[in-house]
Amino acid sequence: MEEINLTTATVISFSQQLEEDSAAFYEQLAERFTEHADTFMAAVKQSHKNKVWITRTYQETISDALEACFCFQGLNLKDYEIEWALPEGASYPEALRTAIALEDKTIAFYQDVAERSESLLATIPGAFKRAAKKRAARKRELEGLL
Amino acid sequence: MAILEEPIKETLQLQNYINGDWVDSEGESKDVVNPTTQKVVARVPISTREDFDAAVEAAKEAFPDWRRTPPLARARCLFRLKTLLEENFEQLSRIQTMEHGKTIDESRGETRRGIENVEVATGIPSLMLGTSLEDIASGIDAYLIRQPLGVFGIIGPFNFPFMVPLWFVPYAIATGNCVVVKPSSEDPLSQIKIAELAEEAGIPPGVYSLVNGGRVVVSSMLQHPDIKGVCFVGSTPVGKDVVYKQCGETGKRVIAQCGAKNFAVVMPDADLPRTIASCMTSFFGNTGQRCLANANLVIVGEGLSDREYDAFYNKVVDMFVQAATNIRIGYGLDESIQMGPLRDGEKKKKVIRYIEKGIAEGAKLRLDGRNPKIIGNWPDTAFIGPTVFEDVTPDMVIAQDEIFGPVAAIIKARTLDQAIDMIHDNPFGNAASLFTNSGRWARKFQYEVECGSIGINVGIAAPMAFFPFSGMKDSFFGTLHGQGQEIVRFFTESKVVIQRWF
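As given, the protein sequences belong to chains A and B, one line each in that order. Take the first sequence: its letter number 31 is residue 31 in the working numbering, and every next letter is one higher. Here the working numbering = 1-based position in the second sequence + 146.
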């Protein structure tokens, strides 16, 4: 995607996909590293929650007052596209490092869209900030496992 | 981007919803066409007077019981309706895009605005409270009670097929009245869906009915002796000369919310990037088919030298044209699209006639939308791109008439007073916006401008459900407005009881 003027719908769909892919990735980790399955399944649960939260916030505040078709100028979603596949035969530390790198990108995405949506109703940047905060907490947890 | 899944897969044969039953009409049917794909998505009946009379008869019969139903119980029906609307949020939104052509963000926004009215109406036990005063004379107390009147008719427009009837219907039902809704025959599908959900929510038979159709249904509504009032949203000629006039003749209450030609005024101290973003939605959102859309952009040079004003004017025009040029046009079910088609090809022809008129009048065509670049392989039948005229004077037809399409007219004004005079010289008075960082200018604007809604750094001054949807001059005919407390008063009669006990 190379649009320089993204609609709110596009950004929301990207966030939803991000959380879905993220959940699938951590499910994979939980299956491969069963001794830490609880940690990874908690991440899966959190991703589902993030998706619900963002979708609900969007649907509850979207209206013509949001200038929804003309938001997020200059944002390029290509910058935040993530390759979620876990390298074949990756060790546990390698898998964690991959996950941490992915979290960094995800946090950057949420922080950037939160900043660009500041002019919208407060709940929209609020939802993105909340997602960024949750992902930052996840990253710290993953770093603690290294 | 991928196209979201269409919720309507085959041509639907629509029916009327009368007295809790889905019934066929004796009238002929008409195609409902998706303006993007040009595919027929439904056949809508053009109902007869008999169909309408049957709906009114059912409503009249339902009224005494519904009126006696406690307000809290009536509100519970609306709570159930609200829950069902939320559950069907995405489907309802996609239906609007299919039937009208607007983008999915716009449809979702419309769904939300509609639901908000249901939410506000659920507060009817508080909204409908009367007042009382003891001892107005020796041992005498007085009470004001608000009572429902009976059966009301609602006539919906094509441009907001889902939301506009909800400016009225939830409040009518909540106050204990019964309603007969006539959706636009151009895009009746989202109202059909609401009727299905109203049935599921347990709104009793006859309390809410839906009769599809056109002029016959409207004239039946206006003439029917059992219709106590009519809520209409549509064009000024119909609203003023037909609906308002006939309601006056037959003694009905009336709300006629009509046409507009709204001005956006940009002051030299405005935050330009945010102003332009706001203007894009305002001028081109819903493809300009919105009574709150701005259509005239007035660039004011108050306090600037001639040279400074020229530079400021050129900067605003260039930014406006550039942003309009970048608008992505296509099927609204593609989430990256920023503007869909007009509702149909006839509307496109009308808009093109106005563009030609603007050229003939001597305005400078800075951006020509007549041959737009369309994302996706869709027939261009109803598509038109953003169009921008410069060097427009307030007396030109393109600055005076409601075009109802994505056409912007840019006008110069040396002072804010001149800009306000332009607004007042225009026959309409629906809305106006001012973009500035000056509280003094903002106050002057909101104080002096004769329009129903004022936006300060807001391009679409759309009142939320708890405020009235106002309008002045040729934009509104009636006394009380839709939404909020005013609509509760519209749907109720005030009765004063003066009481003394011997």
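Beta carbons are placed, not taken as given, at the ideal position from N, Cα and C, and that holds for glycine.
Counting along the chain, where does the alpha helix (DSSP H) carrying residue i start and finish?
{"i": "B:R189", "result": "Not the alpha helix (DSSP H): B:R189 falls in the beta strand (DSSP E), residues V186 to P191."}
{"i": "A:A30", "result": "T8 to R32"}
{"i": "B:E252", "result": "I250 to A267"}
{"i": "B:A565", "result": "L562 to D571"}
{"i": "B:Y455", "result": "D452 to T471"}
{"i": "B:R214", "result": "R195 to R214"}
{"i": "B:E342", "result": "L335 to E346"}
{"i": "B:G89", "result": "Residue 89 of chain B cannot be examined here, being either before or after the span of chain B that is shown, 147 to 648."}
{"i": "A:W53", "result": "A37 to T61"}
{"i": "B:T396", "result": "K391 to T396"}
{"i": "A:T123", "result": "T123 to L145"}
{"i": "B:L279", "result": "Counting along the chain, B:L279 falls outside any alpha helix (DSSP H), though it belongs to the beta strand (DSSP E) covering T277 to A283."}
Given that a residue counts as buried once 16 or more other Cβ atoms are within 10 Å of its Cβ, and exposed if not, what is residue i?
{"i": "A:E83", "result": "exposed"}
{"i": "A:E2", "result": "The pLDDT assigned to A:E2 is 40, lower than 50, so where the model puts this residue is not dependable; a value taken from the coordinates is nonetheless given after this. Exposed, by the Cβ-count rule."}
{"i": "B:L513", "result": "buried"}
{"i": "B:F308", "result": "buried"}
{"i": "B:H627", "result": "buried"}
{"i": "B:H370", "result": "buried"}
{"i": "B:A394", "result": "Reading off the sequence, residue 394 of chain B comes out as Gly, not Ala. B:G394 comes out exposed."}
{"i": "B:V400", "result": "buried"}
{"i": "B:F409", "result": "buried"}
{"i": "B:F648", "result": "exposed"}
{"i": "A:I124", "result": "buried"}
{"i": "B:I483", "result": "buried"}
{"i": "B:T257", "result": "buried"}
{"i": "A:R140", "result": "exposed"}
{"i": "A:A85", "result": "exposed"}
{"i": "A:F128", "result": "buried"}
{"i": "B:Q159", "result": "exposed"}
{"i": "B:A402", "result": "buried"}
{"i": "B:A148", "result": "exposed"}
{"i": "B:V643", "result": "exposed"}
{"i": "B:F429", "result": "buried"}
{"i": "B:P487", "result": "buried"}
{"i": "B:T243", "result": "buried"}
Looking at residue i: is its Cβ nearer than 8 Å to the Cβ of residue j?
{"i": "B:M426", "j": "A:F70", "result": "yes"}
{"i": "B:R220", "j": "B:A320", "result": "yes"}
{"i": "B:V411", "j": "B:V444", "result": "yes"}
{"i": "B:Q629", "j": "B:W313", "result": "yes"}
{"i": "B:K328", "j": "B:I300", "result": "yes"}
{"i": "B:E151", "j": "A:T10", "result": "no"}
{"i": "A:A114", "j": "A:A136", "result": "no"}
{"i": "B:I521", "j": "B:G434", "result": "no"}
{"i": "A:L6", "j": "A:F109", "result": "no"}
{"i": "A:A101", "j": "A:L142", "result": "no"}
{"i": "B:L562", "j": "B:M465", "result": "no"}
{"i": "B:F235", "j": "A:Q59", "result": "yes"}
{"i": "B:T157", "j": "B:Y477", "result": "no"}
{"i": "B:V463", "j": "B:E507", "result": "no"}
{"i": "B:G601", "j": "B:G575", "result": "no"}
{"i": "B:V297", "j": "B:K248", "result": "no"}
{"i": "B:C404", "j": "B:D620", "result": "yes"}
{"i": "B:N358", "j": "B:P191", "result": "yes"}
With residue i as the anchor, note down where its beta strand (DSSP E) starts and where it stops.
{"i": "B:K328", "result": "C324 to K328"}
{"i": "B:E151", "result": "No beta strand (DSSP E) contains B:E151, which DSSP labels as neither H nor E."}
{"i": "B:Y677", "result": "Chain B is shown from 147 up to 648; residue 677 of chain B falls before or after that span and cannot be answered."}
{"i": "B:I291", "result": "I286 to P294"}
{"i": "B:L312", "result": "Careful: B:L312 lies outside any beta strand (DSSP E), inside the alpha helix (DSSP H) at M309 to L312."}
{"i": "A:A85", "result": "Here A:A85 belongs to no beta strand (DSSP E), and DSSP marks it neither H nor E."}
{"i": "B:D177", "result": "S175 to V179"}
What I want to know is whether the C-beta of residue i ends up closer than 7 Å to one or more non-hydrogen atoms of the ligand ADP.
{"i": "A:A9", "result": "Judged by which ligands are present, the structure shown has none, so any question about the ligand ADP falls away."}
Against chain C, with Cβ distances strictly below 8 Å, would residue i count as a contact?
{"i": "A:F70", "result": "Absence of chain C from the displayed structure is noted, the protein chains being A and B."}
Tell me whether the segment 71-79 of chain A and the segment 45-58 of chain A touch, counting them as touching only if at least three CB pairs, one residue from each stretch, are closer than 8 Å. With a cut-off of 8 Å on Cβ pairs, the segment 71-79 of chain A is not in contact with the segment 45-58 of chain A, counting fewer than three such pairs.
Meets three-Cβ-pair contact criterion under 8 Å: the segment 170-187 of chain B and the segment 340-351 of chain B: No: fewer than three Cβ pairs fall under 8 Å.
Output the residue ranges of the alpha helix (DSSP H) runs that lie fully inside the segment 411-452 of chain B and measure 4 residues or longer, sorted by chain position. Counting only runs of 4+ residues, the alpha helix (DSSP H) found wholly inside the segment 411-452 of chain B occupies 418-430, in chain order.
Between the segment 521-531 of chain B and the segment 581-601 of chain B, are three or more C-beta pairs nearer than 8 Å? Segments in contact, no.
Is there contact between the segment 439-453 of chain B and the segment 542-556 of chain B, where contact requires at least three CB pairs shorter than 8 Å? The segment 542-556 of chain B and the segment 439-453 of chain B touch, with three or more beta-carbon pairs separated by less than 8 Å.
Quick check: the segment 193-211 of chain B against the segment 349-362 of chain B, are at least 3 beta-carbon pairs closer than 8 Å? The segment 349-362 of chain B is in contact with the segment 193-211 of chain B.
Mind pulling the beta strand (DSSP E) runs of 3 or more residues that sit fully within the segment 590-648 of chain B? Those beta strand (DSSP E) runs which fall completely within the segment 590-648 of chain B and span 3+ residues are 599-602, 622-624 and 638-646.
Whole beta strand (DSSP E) elements within the segment 477-561 of chain B, 3-residue minimum: Within the segment 477-561 of chain B, the runs of beta strand (DSSP E) at least 3 residues long that lie entirely inside it are, in chain order, 510-513, 533-538 and 553-559.
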